[in-house]
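Chemist: One structure coming up, written as structure tokens, with questions to follow.
In my numbering, the protein residues as written are 28 to 108.
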């Protein structure tokens with residue numbers, strides 16, 4: 028690899044803002060915020076909106092909004108009988 032053209036790969040903490048779930052992982056993302064992790068070290072903090080702790084696919088809390096078919100949803104959307 029060429030020197031000086033690749034971002035620094037380091038450990039960072041990702042924080043799911045919707046569920047307050049945190050996990051330590053490797054990343055090249057940069058952040059001004061830091062957090063002290065369970066091992067006593069301080070790592071950059073990256074805030075994310077969705078993780079495996081809050082995504083419906085992983086939590087099993089999927090919406091059942093597809094009760095009707097396409098035609099039923101179209102009629103409902105445009106107030107047709």
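C-beta: ideal position from N, C-alpha, C; glycine also.
1) Suppose you measure from the CA of residue 60 to the CA of residue 86; what does that come to, to the nearest Å?
2) Where does residue 70 land, buried or exposed, given buried means 16+ other C-beta within 10 angstroms?
3) Should residue 80 and residue 54 be called a contact, given that it needs their Cβ atoms to be closer than 8 Å?
4) From the DSSP secondary-structure annotation, give me the bridge partner or partners of residue 69.
5) Is residue 47 helix, strand or coil by DSSP?
6) Hey, quick one: how far does the alpha helix (DSSP H) through residue 103 stretch, first residue to last?
Modeler: Let's see:
1) 28 Å
2) buried
3) no
4) 63
5) coil
6) 97 to 104
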